[in-house]
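Chemist: What follows is a single structure, and I will ask about it in a moment.
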Amino acid sequence: MAASQVASADGYQPSDSAPALVEVTRWTGFYANAGVGYGMWSASTTTHDGGRCVSCAKTDHSGKGWLGQVGLGYDYQFSNRIVGGVLVNYAFSDIQGRTNDAVFTTAKTSNDSTWAVGARLGWLMTPDVLNYLIVGYTHTHFDGAPLHNSYTGDQLPGAQLHGYKAGGWFIGGGLEVAMRDGWFWRTEARFADYGKKARLETGISPVFELQFDPVVGTATSEIVYKFDWGR
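The sequence shown begins at 1323 in the working numbering and counts up one residue at a time.
Next up, the structure:
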């Protein structure tokens, strides 16, 4: 009471309000993410006819285009610096390029869908900024398309480049920043290798096998919402 009177006499009034609480970023919890990005692929190919090499020299093909990505994941903060987690995501895309058999046909092809499961491990540079590495398994699809004459550009009636789908591995890294109320912003780059697999060219004689060996690189910017941020 005396201290209060002295404070009043000196012109200071005691405050009845509690100290302001500072929100602490929580990285542990389930989350959903969605974003957009850009991708590029390249593929070295050779052309075969029933196991016999028709064009043995490797031909390089490539494509580029946009993608959208959605996903789910779970993170766990092991210490004040280390965060680890697991994730699954799906990307729909139109990363379009062109292939040819190095003989007389050509076709457009697009990397149109990909899914992935993986794990990430990160280092908190500050309580709100996570720098991380990511690795996992991925499966992708390239669509088929009508074949055209490489020299005239005319479509070959009934001739078709078949689609490609295969599994492989991916590795990448990113940066994630806490904003507020459970919202985070993430930017990420990945590299994926799917291995060599034959793509048939049918409707022509002879039927060719295009040995397609793609690698894909992507970069995305995403919004993340962590469901457990307030716990």
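For glycine and all other residues, C-beta sits at the position ideal for the given N, C-alpha and C.
DSSP three-state label for residue 1449, please.
Modeler: For this step, residue 1449 is matched to residue 127 along the sequence shown. Reduced to three states, the DSSP call for residue 1449 is coil.
Chemist: With the cut-off set at 7 Å, would you say residue 1376 and residue 1369 are in Cβ contact?
Modeler: Stepping through the sequence shown from its first residue, residue 1376 is reached at position 54. Stepping through the sequence shown from its first residue, residue 1369 is reached at position 47. Yes, they are a contact pair.
Chemist: According to DSSP, is residue 1358 part of a helix, a strand, or is it coil?
Modeler: As a working note, residue 1358 is residue 36 in the sequence shown. Three-state DSSP puts residue 1358 in a strand.
Chemist: Which residues in the same chain have their Cβ closer than 7 Å to the Cβ of residue 1468, if we skip the five residues on either side of it in sequence?
Modeler: Counting from 1 along the sequence shown, the entry for residue 1468 is found at position 146. 1429, 1477, 1481 and 1482, listed in sequence order.
Chemist: From the DSSP output, in three-state form, read off residue 1442 for me.
Modeler: As a working mapping, residue 1442 is identified with position 120 in the sequence shown. Residue state, collapsed to three classes: strand.
Chemist: Hey, quick one: how far does the beta strand (DSSP E) through residue 1386 stretch, first residue to last?
Modeler: Position 64 of the sequence shown, counting from 1, holds the residue named residue 1386. From DSSP, the beta strand (DSSP E) with residue 1386 extends over 1374-1399.
Chemist: I think residue 1362 touches residue 1417, with their Cβ atoms under 8 Å apart; what is that distance to the nearest whole Å?
Modeler: As a working mapping, residue 1362 is identified with position 40 in the sequence shown. As a working mapping, residue 1417 is identified with position 95 in the sequence shown. Rounded, the Cβ-Cβ distance is 7 Å, consistent with contact.
Chemist: Evaluate residue 1536 with the Cβ neighbour count: other Cβ atoms within 10 Å of its Cβ, from every protein chain shown; 16 or more gives buried, anything less gives exposed.
Modeler: Against the sequence shown, residue 1536 aligns to sequence position 214. So residue 1536 counts as buried.
Chemist: With a threshold of 7 Å on Cβ separation, who are the neighbours of residue 1547 within its own chain once the five nearest residues in sequence on each side are excluded?
Modeler: On the sequence shown, position 225 is the one that residue 1547 refers to. Closer than 7 Å at Cβ, skipping near neighbours: 1353, 1354, 1504 and 1505.
Chemist: Between which two residues does the beta strand (DSSP E) carrying residue 1505 extend?
Modeler: By 1-based counting over the sequence shown, the position of residue 1505 is 183. Segment 1505-1515, the beta strand (DSSP E) holding residue 1505.
Chemist: Residue range of the beta strand (DSSP E) that residue 1420 falls in?
Modeler: By 1-based counting over the sequence shown, the position of residue 1420 is 98. Looking at the DSSP string, the run of the beta strand (DSSP E) that includes residue 1420 is 1404-1422.
Chemist: Below 7 Å between beta carbons: does that hold for residue 1383 and residue 1421?
Modeler: Numbered from 1 along the sequence shown, position 61 holds the residue referred to as residue 1383. Numbered from 1 along the sequence shown, position 99 holds the residue referred to as residue 1421. Going by C-beta atoms, residue 1383 is nearer than 7 Å to residue 1421.
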